[in-house]
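Report on the structure given below.
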Amino acid sequence: MSLQGLECVRSAIAFPWQVKRMTAVTRLPHPVVKFIIAKLSETQSMERIYIKPTDRVFVLTGAGMSAESGIPTFRDTNGLWRNHRVEEVASPDAWRRDPQFVWEFYSMRRMDAATAHPTPGHRALAALERTLGSRLFLCTQNVDNLHEQAGSRPLHMHGELFKSRCERCRVPFDDANIYHEVPRCACGGKIRPHICWFGERVFGVDRVRRTLEVSTVFIAIGTSGMVEPAASFVGQTKARTFYVGPEEPLNLASFDETFTGKAGELLPTLFDVG
Ligand code: OAD
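Using my numbering, you'd call the opening residue of the sequence shown number 62 and step up by one each time.
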């Protein structure tokens, strides 16, 4: 059977009303058809990511995921770390030295993110999560809430911009306020952004490790591969690994395949769910 013929099988499955015209092809027993489709899709993986019915998918997103929403990345030209020193705004030392300055930085980021909207890329991941259910795990380094706005339920390993927590009570709560002075909790403790700063332990690390072990597809999107522990995830999984973004990440050599382009443009047509 020619490849063109196999393409017809796929169309027949996708558009059942055409099945009557596919007489020769539709006489194949169902499991055989499924097997052929799976094989065909594997050979097409240069264009799309085929997700088998048994696959468990781990998606890792970084700042590039939200770049098209107008939220600055960290290391690109005009990135946040080009204009701010990490150790002055995103470290426990900075917080001890000048908490008001730290709050000014995160208040500015809250303002940037408050008016941002999800892209077609965020929506494509949310649609994939609806299709795969618990077979998809979305882990983001982003602190904005664009994945949630699109309908996803991500693990925020670096915390959440629109949450704060008291240093003493430690319980995070929703907070979109802009602060010019350091806010205080009823207990007297200082309230800080609910963000994982450099030198602190990322959130959900045990869940991430467990999920990496059972994942069969790993997709990293819009992350430079420079920051641990996320940069090492691709090397810790036996899954088929894919990178999506306009530039090569630092850990490129660990990926099986790359899709070069913007997340908002590539993701809507990238997934082929079997
Ligand atoms: P970076 O700023 O290091 O990298 C952003 C990546 O996104 C780059 O590789 C870009 O090529 C890519 N990119 C840009 N536009 C894109 C688009 N439209 N679609 C897809 N990709 C695009 O950001 P991260 O790797 O996310 O941590 O940085 C990781 C962590 O370092 C951040 O979470 C932050 C930072 O310091 C903390 O603040 C704790």
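Yeah, the Cβ is synthetic: ideal placement off N, Cα and C, and Gly gets one too.
Going by C-alpha to C-alpha distance, which of the options sits closest to residue i?
| i | options | result |
| --- | --- | --- |
| Arg158 | Glu326, Lys323, Val243, Pro310 | Val243 |
| Gly250 | Ile282, Cys230, Val266 | Cys230 |
| Leu186 | Pro329, Leu273, Val334, Phe162 | Pro329 |
| Gly322 | Ala314, Ile282, Gly123, Ala211 | Ile282 |
| Thr176 | Asp205, Pro153, Phe198 | Asp205 |
| Arg117 | Glu309, Arg262, Ala155, Leu197 | Leu197 |
| Phe303 | Val232, Val263, Phe332, Ala247 | Phe332 |
| Gln161 | Phe294, Ser293, Thr192, Pro254 | Pro254 |
| Asp267 | Leu216, Tyr240, Asp154 | Leu216 |
| His241 | Phe316, Pro153, Ala124, Tyr167 | Tyr167 |
| Leu207 | Ile239, Ser225, Gly125, Thr192 | Gly125 |
| Ser252 | Ile239, Phe135, Arg146 | One detail in the question is off: residue 252 reads as Ile in this sequence, not Ser. Checking every option, the nearest Cα to that of Ile252 belongs to Ile239. |
| Asp173 | Thr134, Arg184, Ala247, Val150 | Thr134 |
| Ser213 | Ala237, His183, Glu108 | His183 |
| Leu311 | Phe259, Glu289, Val120 | Glu289 |
| Cys248 | Trp156, Pro92, Arg226 | Arg226 |
| Ser195 | Gly260, Thr272, Phe259, Asn203 | Thr272 |
Would residue i pass as an interface residue toward chain D - the criterion being a Cβ-Cβ separation below 7 Å?
| i | result |
| --- | --- |
| Glu221 | The question asks about chain D, but that chain is absent: this structure has only one protein chain. |
Tell me where the beta strand (DSSP E) around residue i begins and ends.
| i | result |
| --- | --- |
| Leu121 | 118-122 |
| Leu199 | 197-201 |
| Tyr111 | 110-112 |
| Pro254 | 252-256 |
| Glu318 | 318-321 |
| Thr302 | 301-306 |
| Ala314 | Per DSSP, Ala314 belongs to no beta strand (DSSP E) and is neither H nor E. |
Name, in chain order, the residues that DSSP records as bridge partners for residue i.
| i | result |
| --- | --- |
| Lys224 | Asp235 |
| Ile132 | Beta-bridge pairing links Ile132 to no other residue. |
| Leu216 | Cys200 |
| Arg158 | DSSP, once it has assigned bridges, lists no residue as partnering Arg158. |
Given that a residue counts as buried once 16 or more other Cβ atoms are within 10 Å of its Cβ, and exposed if not, what is residue i?
| i | result |
| --- | --- |
| Leu313 | exposed |
| Asn144 | exposed |
| Cys200 | buried |
| Thr84 | For Thr84, the predicted structure reports a pLDDT of 30, less than 50, and the residue's modelled location is therefore unreliable. The matter cannot be settled from this model. |
| Val232 | exposed |
| Glu190 | buried |
| Val147 | exposed |
| Ser315 | buried |
| Thr138 | exposed |
What residue does the alpha helix (DSSP H) around residue i start on, and which one ends it?
| i | result |
| --- | --- |
| Thr272 | 266-275 |
| Phe332 | First-last for Phe332: 332-334, but that is the beta strand (DSSP E), not the alpha helix (DSSP H). |
| Ala187 | 181-193 |
| Phe294 | 291-294 |
| Ala177 | No alpha helix (DSSP H) contains Ala177, which DSSP labels as neither H nor E. |
| Met278 | Reading the sequence as shown, one finds Val at residue 278 and not Met. Looking at the DSSP string, Val278 is not in any alpha helix (DSSP H); the run it does join, the beta strand (DSSP E), is 278-282. |
| Arg143 | 141-144 |
| Gly260 | Note, Gly260: premise wrong, no alpha helix (DSSP H); not H, not E. |
| Val150 | 147-150 |
CB of residue i to nearest heavy atom of the ligand SAM: below 6 Å?
| i | result |
| --- | --- |
| Glu165 | The ligand content of the structure shown is limited to the ligand OAD, which means the ligand SAM is not among them. |
Margin query: Can you confirm whether the stretch 217-232 touches the stretch 125-142 when touching is taken to mean that 3 or more C-beta pairs between the two stretches lie within less than 8 Å?
Written below: By the Cβ rule, the stretch 125-142 does not count as touching the stretch 217-232, because fewer than three pairs are nearer than 8 Å.
Check: Would you say the stretch 297-310 touches the stretch 271-287, given that touching needs at least three Cβ pairs under 8 Å?
Finding: yes
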